[in-house]
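If you read the sequence shown in the numbering used here, its first letter stands for residue 1447, the second for the next number, and so on. Where a beta carbon is used, it is the ideal one built from N, C-alpha and C, also for glycine. For clarity, every value in this text was computed on a predicted model and none was experimentally measured.
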Amino acid sequence: MNAGQQRNDVTGVPCPPPPHGSIRAIDIETGETLWSTVLPAGGQATPIIYKVDGRRYVMVTARGHHFMETPGGHAVMTWALPEQ
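In structure tokens:
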């Protein structure tokens, strides 16, 4: 299931869900891609965005889905976002 796009006040940018095998963050003012990366498997869940000790992180599960015909896998990936 693709849970759709979310905007989180921790980052201030939407992170579209990655059913296509990649994830990206987009500047809401310009539409510019701020960062993106390829996942080892399809991701069908909304990314988790959180903050610890002032540092922001994005976490996503990459497990694939047989119905959506995305590659299978068993990964949980986390990225530290640039400090502000």
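Residue i versus residue j: straight-line alpha-carbon distance, rounded
| i | j | result |
| --- | --- | --- |
| Val1504 | Glu1475 | 20 Å |
| Thr1479 | Gly1519 | 26 Å |
| Ala1449 | Ala1491 | Residue placement at Ala1449 cannot be trusted, given a pLDDT of 47 that sits under 50; what the coordinates show is reported in the next sentence. So the two alpha carbons sit approximately 6 Å from each other. |
| Lys1497 | Ala1471 | 16 Å |
| Ala1487 | Asp1499 | 30 Å |
| Asp1473 | Ala1521 | 26 Å |
| Ser1547 | Ser1482 | Limits of the chain in this structure are 1447 at one end and 1530 at the other, which puts residue 1547 out of reach. |
| Met1523 | Gly1477 | 24 Å |
Beta strand (DSSP E) segment containing residue i, residue limits
| i | result |
| --- | --- |
| Arg1501 | 1501-1508 |
| Ala1521 | 1521-1526 |
| Thr1492 | Looking at the DSSP string, Thr1492 is not in any beta strand (DSSP E), and its letter there is neither H nor E. |
Among the options, nearest to residue i - alpha-carbon criterion
| i | options | result |
| --- | --- | --- |
| Pro1528 | Gly1489, Thr1483, Arg1502, Gly1467 | Arg1502 |
Whether residue i touches residue j by CB criterion (8 Å)
| i | j | result |
| --- | --- | --- |
| Thr1506 | Pro1493 | Here residue 1506 is Val; the residue named in the question, Thr, does not match the sequence. Result yes, Cβ atoms of Val1506 and Pro1493 sit closer than 8 Å. |
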